[in-house]
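Residues in the sequence shown are numbered consecutively from 1, following full-length UniProt numbering. Here is the structure we will look at, set down as structure tokens.
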Amino acid sequence: MLLLETERLLLRPWRVSEAAVQHEMWTERDPRVPPHRRIGADGRPTVEDVARWIEDTAEPSTLGLPALELKGSGDVIGYCGLITGSQVPDDEPELAFELLRRAWGHGYATEAAWAVLGWARESGYERLWATVRAWNDASLRVLAKVGFTESGRVEPDAVHGDSLFLTREL
Numbered sequence: 001m002l003l004l005e006t007e008r009l010l011l012r013p014w015r016v017s018e019a020a021v022q023h024e025m026w027t028e029r030d031p032r033v034p035p036h037r038r039i040g041a042d043g044r045p046t047v048e049d050v051a052r053w054i055e056d057t058a059e060p061s062t063l064g065l066p067a068l069e070l071k072g073s074g075d076v077i078g079y080c081g082l083i084t085g086s087q088v089p090d091d092e093p094e095l096a097f098e099l100l101r102r103a104w105g106h107g108y109a110t111e112a113a114w115a116v117l118g119w120a121r122e123s124g125y126e127r128l129w130a131t132v133r134a135w136n137d138a139s140l141r142v143l144a145k146v147g148f149t150e151s152g153r154v155e156p157d158a159v160h161g162d163s164l165f166l167t168r169e170l
């Protein structure tokens, strides 16, 4: 079972009972986020849809998006982990993170990212990527704090904002 621990956080597999937390993140997303990553006009995904996704997802090994649990309270505030994407090499996954708005500004994303970087290094990865919209200043700050730099690669998107590709050698 995947378990990473920091001073204030546990990074661990999601529980079906936490579907409402993931759903809340969907509802809080910036309106500039592409529609397929927001709650649709049909109300989907629902909490029940998210619960099914959690139930159907295998426990991550070196890939996945573990839940971020606050040690003191047991509250789940987001996720941070590694994913593969069609736009980066399979052996160089992407760091991905998202927190509930009430958890912003406390350094949790940076703390979790450091833990995931260590996990990635121990798992044998040599380089990671991160893609982020150019307007997402908070995520860009987190990525800079943990050593990511812009690769020079940009995917233009006049509707939702350009995607910047950042990288970090491990």
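Ideal Cβ placement from N, Cα and C applies to all residues, glycine included.
Item to check | Local Cβ density within 10 Å of Val16, reported as buried at 16 or more and exposed below that | outcome: Position 16 of the sequence shown, counted from the first residue, corresponds to residue 16. Val16 should be labelled exposed.
Checklist entry - Does DSSP put Thr167 in a helix, in a strand, or in coil? => result For this step, residue 167 is matched to residue 167 along the sequence shown. It is a strand residue.
Checklist entry - DSSP beta-bridge partners for residue 181? => result An answer regarding residue 181 cannot be provided, because it is not within the stretch 1 to 170 covered by the chain.
Next on the checklist: Applying the 10 Å Cβ sphere with the 16-neighbour rule, what's the burial state of Ser73?
Outcome noted: What you label residue 73 is simply residue 73 of the sequence shown in a count that begins at 1. With fewer than 16 Cβ atoms within 10 Å of its Cβ, Ser73 is classed as exposed.
Checklist entry - Do you know whose CA, among Leu166, Ser151, Ala67 and Ala134, lies nearest Arg32's CA? => result The residue given as residue 32 occupies position 32 in the sequence shown. The shortest Cα separation from Arg32 among Leu166, Ser151, Ala67 and Ala134 belongs to Ala134.
Next on the checklist: For Val159 and Pro34, I'd like the C-alpha separation in whole angstroms.
Outcome noted: Taking the sequence shown and counting its residues from 1, one reaches residue 159 at position 159. Taking the sequence shown and counting its residues from 1, one reaches residue 34 at position 34. Rounded to whole angstroms, Val159 to Pro34 spans 9 Å at the Cα level.
Next on the checklist: For Phe148 and Leu82, what's the separation of their Cα atoms in angstroms?
Outcome noted: Counted from its first residue, the sequence shown places residue 148 at position 148. Counted from its first residue, the sequence shown places residue 82 at position 82. Rounded to whole angstroms, Phe148 to Leu82 spans 14 Å at the Cα level.
Item to check | Phe165 to Ala96 span [Cα, whole Å] | outcome: Counting from one through the sequence shown, the residue named residue 165 turns up at place 165. Counting from one through the sequence shown, the residue named residue 96 turns up at place 96. Distance between the alpha carbons of Phe165 and Ala96 is about 12 Å.
Next on the checklist: Quick check on the burial criterion: 16 or more other C-beta atoms within 10 angstroms. Buried or exposed for residue 196?
Outcome noted: Only positions 1 to 170 of the chain appear in the structure, and residue 196 is not among them; the question remains open.
Next on the checklist: Just to confirm the assignment, what range does the alpha helix (DSSP H) spanning Arg121 have?
Outcome noted: Position 121 of the sequence shown holds residue 121. Segment Tyr108 to Glu122, the alpha helix (DSSP H) holding Arg121.
Item to check | Neighbour-count burial assignment, Ser86, 16 or more Cβ in a 10 Å radius | outcome: Here residue 86 corresponds to residue number 86 of the sequence shown, with the count starting at 1. Exposed is the call here.
Checklist entry - According to DSSP, is Val50 helix, strand or coil? => result One-based indexing of the sequence shown puts residue 50 at position 50. Residue state, collapsed to three classes: helix.
Checklist entry - Going by Cα to Cα distance, which pick from Leu70, Glu55, Glu18 and Val88 is closest to Leu128? => result As a working mapping, residue 128 is identified with position 128 in the sequence shown. Comparing Cα-Cα distances from Leu128 to each of Leu70, Glu55, Glu18 and Val88, the minimum goes to Val88.
Checklist entry - For the 8 Å Cβ check, are there 3 or more pairs between the segment 16 to 30 and the segment 42 to 54? => result yes
Next on the checklist: Distance check for Arg38 and Leu146, CA to CA, integer angstroms please.
Outcome noted: By 1-based counting over the sequence shown, the position of residue 146 is 146. By 1-based counting over the sequence shown, the position of residue 38 is 38. Per the sequence shown, the amino acid found at residue 146 is Val instead of Leu. Cα to Cα, the separation comes out at about 27 Å.
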